[in-house]
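Student: Numbering (the UniProt record's numbering), first residue to last: 1 to 153.
This structure is in structure tokens; I'll ask about it shortly.
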Amino acid sequence: MKVYRVVPPRYASDLSGEGARKWGGRWNPKGTAVLYTAENSSLALLEKLVHTDVDLLRAPQRLLTIEIPDHFKIKTINTTDLPKQWQLPLHYKMLQHLMLTYFKEGFHGISVPSAINSKDAVLVFDVSHTDYHQIEIIETEPVFFDTRLIKGD
């Protein structure tokens, strides 16, 4: 399976999950390293757009194509498995607990609805899983945000 991620050039070879560990996120508590990816390149761009300061989007970015081994166990979580308005911060602790539960059960990752477009999936991978080193960046290419997407231009 291929997944995608948009990063500044200096992080184009970094799959450490360090940023997620440092800051935490919707699905991971602060202190837990995970790798956030998207099921398609368009969602990867959109996720980057909503999570990055506008000025930083004017700088060059890299689109990573990442190969996930076929044997990886990925738990799919659908919107029907989640509370109403699951996207709101008041549900983050519950979502984080859910992710940690599946990781403890041995899943390599989870596939969850994007909070931006729930028809597309974000895939979150357990950096501490013993098989994690099998994830591989197979392509990296420059990507630029169309300035029409950035308000004020």
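Cβ coordinates follow ideal geometry from the N, Cα and C atoms, glycine included.
All values reported here derive from a predicted model rather than from experimental measurement.
On the DSSP letters alone, give me the boundaries of the alpha helix (DSSP H) that alanine 20 sits inside.
Tutor: Where alanine 20 is concerned, the enclosing alpha helix (DSSP H) stretches over 18-23.
Student: Using CA atoms only, rank isn't needed, just tell me which of Ile68, Ala44 and Thr32 is closest to isoleucine 138.
Tutor: Ranking Ile68, Ala44 and Thr32 by Cα distance to isoleucine 138 puts Ile68 first.
Student: For threonine 130, write down the residues that DSSP places opposite it in a beta bridge.
Tutor: The partner list for threonine 130 (beta bridge, DSSP) is empty, contrary to what the question assumes.
Student: With 7 Å as the threshold, decide whether the Cβ of histidine 91 is near any Cβ in chain C.
Tutor: The chain inventory of the structure shown lacks chain C, comprising one protein chain alone.
Student: Along the chain, where does the alpha helix (DSSP H) containing alanine 44 start, and where does it finish?
Tutor: Run containing alanine 44: 41-51, per the alpha helix (DSSP H) assignment.
Student: Just to confirm, is the Cβ distance from histidine 108 to histidine 129 under 7 Å?
Tutor: Taking 7 Å as the Cβ cut-off, histidine 108 and histidine 129 qualify as a contacting pair.
Student: Using only CA atoms, which one of His91, Asp146 and Gly19 lies nearest to leucine 35?
Tutor: Of the listed residues, the one whose Cα sits closest to leucine 35 is Gly19.
Student: How should alanine 38 be labelled, buried or exposed, when 16 other C-beta atoms within 10 angstroms of its C-beta is the threshold for buried?
Tutor: So alanine 38 counts as buried.
Student: Which partner residues does glycine 109 have in the DSSP bridge list?
Tutor: Looking at the DSSP assignment, glycine 109 forms a beta bridge with Ile74 and Phe125.
Student: Could you tell me which residues DSSP puts in a beta bridge with alanine 38?
Tutor: Looking at the DSSP assignment, alanine 38 forms a beta bridge with Tyr4 and Val122.
Student: Apart from the five residues just before and just after leucine 45, which ones in its own chain have a Cβ nearer than 8 Å to its Cβ?
Tutor: So the list reads Val6, Leu63, Val143 and Phe145, once near-sequence residues are dropped.
Student: According to DSSP, what are the bridge partners of arginine 62?
Tutor: DSSP, once it has assigned bridges, lists Val7 and Pro142 as partnering arginine 62.
Student: Run through the DSSP bridge pairs and tell me what isoleucine 135 is partnered with.
Tutor: None; isoleucine 135 has no bridge partner.
Student: Buried or exposed for threonine 101, going by 16 or more other Cβ atoms inside 10 Å?
Tutor: With fewer than 16 Cβ atoms within 10 Å of its Cβ, threonine 101 is classed as exposed.
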